[in-house]
Amino acid sequence: LDGRTFVLPDDVKLLAVPALAHRIVVKAEPWIRGVRSEAIVDQCLAQTPVPKARG
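Be aware that the sequence shown starts at 1, since it is given in UniProt numbering, and climbs by one per residue.
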């Protein structure tokens, strides 16, 4: 957090895959097709709008 007392959207993007990917279990068929948990987290991040600053 670089000394901050708050989290930025870039912090979430940086840490989401290492924090969440290991918690997702990909079933055998998608795994064989190349679907990986890291890609699922990336896709969720890409589809989630970043909050706008107030003010």
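Even glycine gets a Cβ: it sits at the ideal position worked out from N, Cα and C.
By the neighbour-count criterion, in which 16 or more other beta carbons inside 10 Å mark a residue as buried, V50 falls on the exposed side.
In the structure shown, K13 falls within a helical segment according to DSSP collapsed to helix, strand and coil. In terms of Cβ geometry, E38 and V17 form a close pair [threshold 8 Å].
The three-state reading of DSSP puts R54 in coil, since its state is none of H, G, I, E or B. Around L45, the same chain offers K13 and A16 as residues with beta carbons nearer than 7 Å, after the five sequence neighbours per side are excluded.
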